[in-house]
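So the structure is just underneath, and the comments pick up after that.
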Amino acid sequence: MNEEWKSKVGSGSTVNWPTGLGGKGNDGIAAFVQRLPGSIGYVEYAYAKQNNLAYTKLVSADGKPVSPTEENFANAAKGADWSKSFAQDLTNQKGDDAWPITSTTFILVHKDQKKPEQGTEVLKFFDWAYKNGGKQANDLDYASLPDSVVEQIRAAWKTNVKDSSGKALY
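So in full-length UniProt numbering, spot 33 of the sequence shown is number 33, and the numbers just go up one at a time.
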């Protein structure tokens, strides 16, 4: 993140804008932007696309103008180092066509499963979602995780998610 921006505006879900109005959620922000000539706003990509809102290219960490697309969101995920943690900040990732404002949604699974049958079913569900959910994610204008990341997640399940006797559940 640009140091001047970080010190003056900040980072997070709420920042110190020097001027402007705030809207609640995608609908509220879009309503302001549509009503106020010359205004700009930030809404979720899927919302913008599904509501035919204009959007722009941004300059990537590699200095290249990139468009917001599911593929470029996935490119940001490819550039992250997932080896230490799956809770990644994908902002300004380096890599070909990596969209600079990308985030992931993640799940939390207890490492020590007190109810192993339920833990196994949870892992089966998410495994199914990783195998079958990519097309649905793209149909809803979201990006699926790259296969390389999904394989790391599965490896982490094998190593980390266990019953009380230490037996792996995946």
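For glycine and all other residues, C-beta sits at the position ideal for the given N, C-alpha and C. Predicted model only: the values in this text are computed from it and were never measured.
Runs of the alpha helix (DSSP H) lying entirely within the segment 104–145, each at least 4 residues long, are 116–139 in chain order.
Between the segment 112–131 and the segment 51–58, the count of C-beta pairs closer than 8 Å stays below three; the two stretches do not touch. Counting the other CB atoms within 10 Å of its CB gives residue 93 a total of 16 or more, which places it among the buried residues. Three or more Cβ pairs closer than 8 Å define a contact, and the segment 60–75 falls short of that threshold against the segment 20–28. Note on the UniProt region "Disordered" (1–20): there is no whole beta strand (DSSP E) run with a minimum of 3 residues. Judged by beta-carbon spacing, residue 61 lies beyond the 9 Å limit of residue 78, meaning their Cβ atoms are not closer than that value. Just measuring C-alpha positions, the residue of 7, 6, 12, 37 sitting nearest residue 20 is 37.
Boundaries for residue 43: no alpha helix (DSSP H) harbours it, and the DSSP string shows neither H nor E there.
A direct Cα-Cα distance of roughly 12 Å separates residue 23 from residue 35. Apart from sequence neighbours up to five positions away, the residues of its chain that approach residue 17 with a beta-carbon distance below 7 Å are 9, ordered along the chain. Your pair residue 88 and residue 104 checks out as a contact, with CB atoms roughly 6 Å apart and the cut at 8 Å. Here DSSP, grouped into helix, strand and coil, assigns residue 59 to strand.
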